[in-house]
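Participant:
Residue numbers (my numbering), protein chains in the order written: chain A, 1 to 593; chain B, 1 to 388.
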């Protein structure tokens with residue numbers, strides 16, 4: 001495969017690990033120097049290292065991060081190369097944020113830094129991060145009533161932030177003056193640039209140490225290795241055509257359900273993933289551009305084989321087909337603001353569902369079914385305008401997987417996102433958290449259950465306005481291999497007040513007075529496997545932890561628990577489960593498509 | 001030194017020619033309110049197509065000069081549409097370019113402004129009655145060079161194009177502004193041969209107009225005057241309080257004081273320089289001074305609006321309908337304060353004339369958006385540009 005000597009192979013492995021370490025260091029720089037909690041707390045950014053030559057741009061390594069970012073960042077690097085072609089010089093630094101320029105949604109800003117070897121830009125490193133404010137018609141970049149991309153924020157094609165080492169000041173100012181929180185976003189952008197600068201130093205040191213030719217040879221090996229590993233896995237999978245489906249409740253524009261259809265064809269050691277049949281593009285802001293869709297498809301795939309090094313070699317065995325003019329491959333000027341997660345997560349879920357019959361032991365919840373509230377106003381303590389997101393509201397989406405219950409965080413493809421500290425939020429925004437706890441009987445039943453839904457309740461310490469966007473109320477996250485769905489998402493604004501508003505889809509610019517309560521139920525991830533085979537002692541533990549009630553244990557798992565002693569009545573449980581099976585409940589058999 | 005009267009005439013012809021150049025290049029079937037001006041190295045207006053915009057044009061130039069400092073080259077052209085820098089609307093685009101009549105001295109400046117077709121925001125054409133704040137009205141361009149050393153900057157033109165529903169037409173208009181500025185600059189260079197003392201010429205031109213202004217003010221007397229005008233919102237069902245003001249004339253000019261009003265939650269606020277523009281427009285209309293051509297009057301009219309508010313909208317207040325609403329009220333109140341016996345026609349008539357001569361107001365009074373007719377014309381022209 002490689003033509004490398006044994007010692008070269010060792011060097012290649014050292015270089016592969018070095019590149020991943022570079023990414024991790026870049027990631028740390030961003031985390032430790034950014035201002036906004038969406039970076040420093042939630043970790044909603046990603047870093048990657050790329051190589052470029054006549055064969056094109058190739059992802060070499062990434063930090064454990066948000067996969068949907070970094071696979072789409074590859075297209076951003078390609079876009080920069082296409083746009084600037086022969087106009088890339090040492091000391092240049094690039095920026096792009098437009099979805100229709102290889103991006104995803106406008107808030108995902110990408111900084112791309114060329115690293116020169118022997119006078120040519122042979123490497124690029126990149127930080128893509130979700131900034132909290134991007135101008136446009138609505139604070140926070142999530143315009144629930146957007147009907148075209150100009151309603152969503154300030155669009156930036158590939159531009160130079162730095163030219164030959166000198167900052168291009170008017171471009172910096174142009175970008176930053178189109179955010180409502182310029183000072184904070186400046187800090188975040190500087191953090192992204194700082195990550196790239198550190199990465200550039202490390203990549204230059206690598207080439208200095210091993211020489212350009214050796215590094216190039218080793219990179220080829222590393223990519224070939226990932227390709228061979230994935231082909232090896234695919235070859236073990238049964239040839240055939242498999243289908244999966246995921247459905248959005250609504251299109252944010254008065255339209256009904258929006259299905260995503262995935263057809264996975266396994267043939268030999270190759271895969272074709274075809275989303276033909278997915279809904280035509282819609283009026284609301286849940287359309288996805290091709291780069292975003294591709295990135296979400298890759299994200300599902302990576303979650304299936306997590307021990308294979310993730311780089312462009314990984315994707316060589318995969319052919320992707322996207323229907324034109326569709327919700328998974330939309331045309332401008334369709335709004336796309338919510339696409340990274342919604343419809344992105346549904347793309348992941350549809351693909352994952354298709355794999356249910358190919359690799360049943362590897363599948364699990366691939367959705368985060370974003371439900372979020374953004375509040376904005378003036379913080380009386382600082383006198384400054386703020387836009388506060390609350391990523392907590394999206395957190396409890398992890399489903400079960402074979403061998404493990406949903407663990408109370410993000411689903412596997414999004415697992416590098418972090419639950420932010422409530423105390424940090426309270427420090428930065430005028431919120432006071434009153435509640436954050438699992439809700440009983442909301443977890444998706446399964447042999448390995450999903451994480452329960454979470455109830456958040458926060459008091460607003462200043463008058464604010466709020467935007468809510470939510471999916472998954474009527475189509476909550478799906479279970480796998482007979483596992484069920486759990487509770488869906490919903491919000492209540494001004495809870496308990498005369499103007500209380502329950503939201504299961506979206507609302508726009510709603511006033512929440514000082515001391516108003518905002519409640520959210522962030523839905524539960526799906527279960528894995530037949531709930532009737534779940535170990536009764538684990539069901540009992542769930543009852544003790546108040547994840548499920550005694551009645552719920554009986555209803556959902558066929559487990560009978562004595563209320564007085566809290567012991568499992570094993571005889572009654574066996575009898576009840578047998579009856580249930582005779583009645584056709586349970587789902588030990590999962591039919592082929 | 002040239003004869004000031006002849007020079008004033010020549011410069012006046014140049015700025016008039018500049019907007020004719022713009023109109024011809026942009027070839028729009030609707031009026032886009034072009035303005036042109038020549039400024040000396042200090043940023044004082046030597047010639048304007050209309051003094052009604054002298055305050056905001058001066059502010060726009062000052063913003064661009066301050067942002068770039070000494071970093072100017074021949075062939076540069078910078079743009080702004082920022083309300084902090086004089087614009088009344090995100091689609092009101094101002095271009096400034098330096099001209100070196102003497103390479104050893106600081107540059108003179110040419111400035112052009114026009115309404116471009118679209119720059120994002122809620123609605124086509126820059127009027128978004130539902131805008132919550134400035135960012136919702138369109139892309140903000142505080143200061144950026146659209147051309148450097150004679151070449152258009154791809155990253156800037158492409159950014160503008162991406163943020164416009166009418167990318168081709170919008171860029172066509174911006175290029176027409178830049179080209180007209182370049183032609184105007186060449187004309188200015190001819191009027192000021194190398195080595196000429198442009199600042200002295202500028203002082204002489206201002207001096208000429210100061211005499212005319214003084215004569216006009218002399219008829220007013222020094223008694224304090226007060227007036228108020230109702231703000232009429234273009235969207236049915238919306239109303240604002242009246243704008244009231246006091247006005248005092250003296251030997252040094254006119255002082256206008258407007259008590260501070262809170263910022264409106266809808267886009268009826270005036271950008272920081274809008275109140276002065278409207279006051280000057282009213283004074284020149286009422287006193288028959290519309291033929292003034294320099295920035296001299298800017299130093300003779302002082303508008304005090306107090307704290308940031310309705311008439312000096314702070315960021316993030318939305319402003320896109322400010323001139324048509326609060327600006328109109330300022331205009332009417334100033335004319336009424338100068339009456340009786342000064343203005344030959346009613347304040348409303350003078351406003352209509354001012355609007356007709358300058359802005360050809362495209363706002364639909366029922367919706368607060370651009371009129372359907374104008375919107376259709378813009379879209380049709382964009383299609384034409386696409387085909388071309």
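Don't be surprised by glycine CBs; every beta carbon is placed ideally from N, CA and C.
According to the Cβ coordinates, are residue 235 of chain A and residue 287 of chain A closer than 8 angstroms?
Facilitator: No, Cβ-Cβ distance for residue 235 of chain A and residue 287 of chain A is not below 8 angstroms.
Participant: Any beta carbon from chain B within less than 8 angstroms of residue 157 of chain A's own beta carbon?
Facilitator: yes
Participant: Leaving aside the five residues before and after residue 267 of chain A along the sequence, list all residues of the same chain whose C-beta is less than 6 angstroms from its C-beta, in chain order.
Facilitator: Here residue 267 of chain A has 239 as same chain residues with Cβ atoms under 6 angstroms from its own Cβ, once five neighbours each way along the sequence are excluded.
Participant: Under three-state DSSP, which class holds residue 285 of chain A?
Facilitator: Three-state DSSP puts residue 285 of chain A in coil, outside helix and strand.
Participant: Which chain A residues are close to residue 140 of chain B, counting only those with a beta carbon under 9 angstroms from its beta carbon?
Facilitator: Under a criterion of Cβ atoms nearer than 9 angstroms, the residues of chain A adjacent to residue 140 of chain B are, in order, 135, 154, 174, 177 and 178.
Participant: Anyone know if the C-beta pair for residue 351 of chain A and residue 244 of chain A falls short of 8 angstroms?
Facilitator: yes
Participant: Do we get a CB-CB distance below 8 angstroms when we pair residue 385 of chain A with the residues of chain B?
Facilitator: yes
Participant: Less than 8 angstroms between the C-beta atoms of residue 48 of chain A and residue 70 of chain A, yes or no?
Facilitator: yes
Participant: Touch check for the stretch 104–121 of chain A and the stretch 58–77 of chain A: three-plus C-beta pairs under 8 angstroms?
Facilitator: yes
Participant: Since residue 165 of chain B meets chain A, which of its residues come closer than 8 angstroms, beta carbon to beta carbon?
Facilitator: 148, 150 and 333
Participant: Identify each residue in the stretch 6–21 of chain B for which the Cβ-Cβ distance to at least one residue of chain A is less than 9 angstroms, and report them in chain order.
Facilitator: Among the residues of the stretch 6–21 of chain B, none has a Cβ less than 9 angstroms away from any Cβ of chain A.
Participant: Report all residues from its chain with a CB closer than 6 angstroms to the CB of residue 306 of chain B; omit the five preceding and five following residues, and keep chain order.
Facilitator: 260
Participant: Rounded to a whole number of angstroms, what is the C-alpha to C-alpha distance between residue 168 of chain A and residue 257 of chain B?
Facilitator: Cα to Cα, the separation comes out at about 41 angstroms.
Participant: Suppose you measure from the CA of residue 9 of chain A to the CA of residue 17 of chain A; what does that come to, to the nearest Å?
Facilitator: Cα to Cα, residue 9 of chain A sits roughly 12 angstroms from residue 17 of chain A.
Participant: For the stretch 325–332 of chain A against the stretch 279–294 of chain A, do three or more pairs of beta-carbon atoms, one drawn from each stretch, fall closer than 8 angstroms, so that the two count as touching?
Facilitator: yes
Participant: Pick out the complete alpha helix (DSSP H) segments inside the stretch 239–315 of chain A, 4 residues or longer, and give them in chain order.
Facilitator: 290–304
Participant: In the DSSP assignment, what are the bridge partners of residue 110 of chain A?
Facilitator: A:96 and A:128
Participant: At what residues does the beta strand (DSSP E) containing residue 464 of chain A begin and finish?
Facilitator: 464–470
Participant: Which residues in chain B have a C-beta closer than 8 angstroms to the C-beta of residue 98 of chain A? List them in chain order.
Facilitator: 162
Participant: Applying a beta-carbon distance threshold of less than 8 angstroms, which residues of chain A neighbour residue 136 of chain B?
Facilitator: 136, 137 and 138
Participant: Between residue 542 of chain A and residue 454 of chain A, what straight-line distance do the alpha-carbon atoms span, to the nearest angstrom?
Facilitator: 15 angstroms
Participant: Between the stretch 92–126 of chain B and chain A, which residues of the former have a C-beta closer than 8 angstroms to a C-beta of the latter?
Facilitator: Listed by position along the chain: 120, 121 and 122.
Participant: Find out if the Cβ-Cβ distance for the pair residue 85 of chain B, residue 59 of chain B is shorter than 8 angstroms.
Facilitator: Yes. Within cutoff.
Participant: Can you list, in chain order, the residues of the stretch 490–520 of chain A whose Cβ is nearer than 9 angstroms to any Cβ on chain B?
Facilitator: 509
Participant: Tell me residue 356 of chain B's beta-bridge partners as DSSP assigns them.
Facilitator: Per DSSP, none; premise fails for residue 356 of chain B.
Participant: Measure the C-alpha to C-alpha separation of residue 434 of chain A and residue 295 of chain A and round it to an integer number of angstroms.
Facilitator: Taking the straight line joining both Cα atoms gives about 37 angstroms.
Participant: Could you pull out every residue in the same chain whose Cβ sits closer than 6 angstroms to the Cβ of residue 192 of chain B, ignoring the five residues on either side in sequence?
Facilitator: 101 and 198
Participant: Figure out for me which residue from A:459, A:491, A:481 and A:479 has the closest Cα to the Cα of residue 473 of chain A.
Facilitator: A:491
Participant: Tell whether a beta-carbon distance below 8 angstroms holds between residue 509 of chain A and residue 311 of chain B.
Facilitator: no
Participant: Does residue 435 of chain A come out as helix, strand or coil in the three-state DSSP assignment?
Facilitator: strand
Participant: Which residue wins for smallest C-alpha separation from residue 303 of chain A, given the options A:81, A:284 and A:366?
Facilitator: A:366
Participant: With the cut-off set at 8 angstroms, would you say residue 363 of chain A and residue 480 of chain A are in Cβ contact?
Facilitator: yes
Participant: Rounded C-beta distance between residue 397 of chain A and residue 348 of chain A? I'm assuming under 8 angstroms.
Facilitator: Between residue 348 of chain A and residue 397 of chain A the Cβ distance is about 11 angstroms, and since that is not below 8 angstroms, they are no contact.
Participant: Residue 13 of chain B to residue 123 of chain A, Cα distance in whole Å?
Facilitator: 56 angstroms
Participant: My parser needs the alpha helix (DSSP H) runs of 4 or more residues fully inside the stretch 507–585 of chain A; what are they?
Facilitator: 536–544, 550–557 and 570–582
Participant: For residue 537 of chain A, which residues from the same chain have a beta carbon less than 8 angstroms from its beta carbon, with the 5 sequence-adjacent residues on both sides left out?
Facilitator: 568
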